[in-house]
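Protein chains in written order, with the working numbering: chain V, 1 to 347; chain X, 1 to 347.
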């Protein structure tokens with residue numbers, strides 16, 4: 001029987017608060033009946049929604065707090081005003097060992113700042129990153145950083161490579177995950193200084209627990225060229241959002257193309273089984289949830305505008321992460337390989 | 001009758017050289033019979049291919065040179081060894097007024113370095129940019145920079161905004177194009193310093209010939225949120241390539257979905273008119289060609305790996321640009337609005 005896991009939820013986060021968080025948790029509970037939940041937030045708002053989900057009610061405890069981080073709070077404001085907020089308490093539950101994972105659909109900057117403060121970075125990681133699962137033609141890959149930080153030093157990019165590889169091993173059981181550095185060209189001559197320095201470090205450092213494949217370009221991500229794609233957060237976030245937008249755009253083209261004539265409409269009706277498969281494959285809610293990597297605890301950021309199905313995916317991801325023994329492995333890898341990378345830098 | 005235009009072609013550029021450039025020019029000639037071509041490159045390689053295209057032969061002149069820029073030459077090597085190359089001579093034909101546009105599928109870095117040297121920047125532009133046409137659900141938008149430079153100052157981002165807007169006016173006849181700055185979040189608190197400074201400049205400078213709409217995120221590009229998307233070249237190139245990769249990935253999903261059952265295959269056959277429209281809409285060759293903006297002359301960079309149909313699109317783009325009176329307008333705009341931006345910076 002799978003281990004029981006406790007998920008701490010920021011019930012107030014995201015555009016819709018408890019109205020999405022609670023039905024989302026209920027969906028996740030059907031898939032993982034051994035889950036338990038801690039719901040942090042305004043009891044007066046949570047209770048009536050929870051009452052409509054008796055199955056979830058029996059597996060949940062509500063911890064009341066009137067403090068909420070707003071979606072437009074700057075990280076500094078959130079840090080001043082947000083102690084004791086639903087977001088803060090969810091993270092603190094993980095820090096205290098009372099929950100295995102925290103999930104929030106709240107403001108990314110605030111969540112990042114609080115997670116660093118409450119959970120603390122592992123090893124000597126300077127900057128935790130947000131990793132996303134990215135659907136590919138051959139399965140899924142991990143892309144990081146998708147927006148925790150703007151810019152990254154060569155050393156930080158190497159940390160991302162190690163952290164992404166640890167996540168790939170934990171989730172997908174790949175012993176030596178392939179890693180690519182996202183760049184503007186496949187030739188070594190191109191690109192940002194930091195990216196070229198990270199390339200040299202990853203290429204020349206021996207015995208790293210990764211199969212480093214060099215530079216890759218944006219069009220190779222979805223092709224599944226590597227298990228882990230490393231990029232600084234500005235370009236990584238833009239890539240992620242651009243891919244989401246392109247998928248929506250093509251779905252719109254497809255609908256228009258299939259309704260342009262009677263014959264097309266008839267054909268689309270006959271092929272509806274195929275379209276259903278495609279629709280599921282392209283559903284952005286399936287890959288909802290970014291994982292904060294590099295902290296002493298697991299925190300998942302759900303998209304703020306998602307619905308219950310999307311929020312349930314973020315919980316699923318948290319469950320998989322908690323179940324994977326990732327943290328121990330990641331910490332061991334970072335400690336072991338930081339030494340090697342540092343030696344390589346000093347050479 | 002449309003004006004006669006002379007296109008200078010780097011016949012040796014790209015992965016396939018004359019085997020793609022010459023059939024591509026032939027396709028463009030059918031669409032624009034008033035075109036004339038100057039083909040720069042190795043006559044011994046060009047002549048036999050050209051002999052197979054008598055229509056093009058009658059509208060072309062071959063200018064022999066044995067010097068070729070290789071696809072893996074660094075820009076500095078290309079500058080040392082590349083004077084008198086097919087790429088160089090094509091640009092020089094534009095500079096001398098012997099051609100209206102130069103088109104090359106050669107190495108981007110080399111082409112950029114040579115174009116700056118041969119054509120020279122307009123006004124006091126520090127860095128020319130590469131602008132791409134990006135298909136959207138409502139038509140096309142212009143995205144720049146997609147890879148001419150890594151990083152951009154606030155002032156350079158403002159230049160990109162003005163140059164992109166001039167191109168939008170020239171190609172699409174929008175009087176006051178809408179412009180968005182690509183960023184990681186829609187709130188003003190987020191993002192790179194340079195992007196935030198550019199935002200303040202564009203927002204506060206009066207009488208710019210653009211409708212500045214503030215920050216946009218990656219998913220809004222394909223949605224057609226604005227006419228012009230401004231971004232520094234590293235993230236811009238990654239966004240462009242990621243969108244291309246996502247489109248290919250979805251096409252692959254779609255093929256798999258439509259062949260998974262007899263009923264799906266039958267439906268797909270009936271709907272083949274619709275699929276043909278979709279296929280054309282998603283064909284990456286339709287939007288092949290990046291325009292170098294900010295130079296005293298028009299140079300188009302074709303994708304190095306494209307085929308004749310894709311290369312013909314790059315020529316079409318060059319033709320539209322030559323026909324648009326873009327350069328005069330762009331230069332006037334930059335001179336007029338640099339003064340205002342400078343005044344705003346000094347305030």
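All C-beta atoms in this analysis are idealised placements derived from N, C-alpha and C, irrespective of residue type, glycine included.
Taking C-beta atoms as the reference points, residue 155 of chain X and residue 334 of chain X fail to come closer than 8 Å. In chain order, 65, 67, 68 and 69 place their CB closer than 7 Å to the CB of residue 85 of chain V, counting only its own chain and leaving out the 5 sequence neighbours on each side. With a threshold of 16 other beta carbon atoms within 10 Å, residue 268 of chain V meets it and is buried. The beta carbon of residue 165 of chain X lies closer than 7 Å to those of 177, 179, 209, 210 and 228 in the same chain, with the five residues before and after it left out. In the structure shown, residue 303 of chain V adopts coil according to DSSP, grouped into three states. For residue 178 of chain X, DSSP records a beta bridge to X:211. For residue 28 of chain X, the enclosing alpha helix (DSSP H) stretches over residues 18 to 31.
Taking a cut-off of 8 Å on C-beta distances, the stretch 145 to 159 of chain V does not touch the stretch 281 to 288 of chain V, as fewer than three cross pairs fall below it.
With a beta-carbon spacing of about 26 Å, residue 239 of chain X and residue 24 of chain X fall beyond the 8 Å limit used to define contacts.
Contact of residue 217 of chain X with chain V by beta-carbon distance below 7 Å involves 241.
Bridge pairing for residue 134 of chain V: V:141 [DSSP]. For residue 36 of chain X, the pairing in a beta bridge is given by DSSP as X:6. Distance from the CA atom of residue 27 of chain V to the CA atom of residue 4 of chain V, rounded to whole angstroms, is 17 Å. Per DSSP, residue 205 of chain X lies in no beta strand (DSSP E) segment and is marked neither H nor E. Pairing residue 131 of chain V with residue 220 of chain V, the inter-Cα distance amounts to about 17 Å. By the rule that beta-carbons nearer than 8 Å mark a contact, residue 257 of chain V touches chain X. The beta carbon of residue 45 of chain X sits closer than 7 Å to the beta carbons of 17 and 18 from its chain, once the five residues preceding and following it are set aside; these are given in chain order. Scanning its chain for C-beta atoms nearer than 6 Å, with the 5 sequence neighbours on each side dropped, one finds around residue 75 of chain V the residues 109, 110 and 113, in chain order.
When Cβ-Cβ separations below 8 Å define contact, residue 246 of chain V makes contact with chain X. Residue 38 of chain V sits buried, since 16 or more C-beta atoms from the chains shown fall within 10 Å of its C-beta.
Against chain V, the CB of residue 237 of chain X has a partner CB under 8 Å away; the residue lies at that interface.
In this structure, the CA atom of residue 266 of chain V is about 15 Å from the CA atom of residue 276 of chain V. Taking the Cα positions, residue 174 of chain X is about 10 Å away from residue 167 of chain X.
Here residue 274 of chain X carries a helix assignment [DSSP, helix/strand/coil]. For residue 137 of chain X and residue 254 of chain X, the gap between their C-alpha atoms comes out near 19 Å.
Residues of the stretch 260 to 277 of chain V whose Cβ lies closer than 9 Å to any Cβ of chain X, in chain order: 260, 261, 263, 264, 265, 266, 267, 268, 269, 270, 271, 272, 273, 274, 275, 276 and 277. Residue state for residue 103 of chain V is assigned as strand, using DSSP reduced to three classes. Nearest to residue 30 of chain V by C-alpha distance, out of V:222, V:223 and V:55, is V:55. For residue 94 of chain V, the uninterrupted alpha helix (DSSP H) segment begins and ends at 86 to 95.
By the C-beta criterion, the stretch 290 to 298 of chain V is judged not to be in contact with the stretch 299 to 318 of chain X, since fewer than 3 inter-stretch pairs fall below 8 Å. Look at the stretch 223 to 272 of chain X and you find these whole runs of alpha helix (DSSP H), each 4 residues long or longer: 233 to 258 and 262 to 270.
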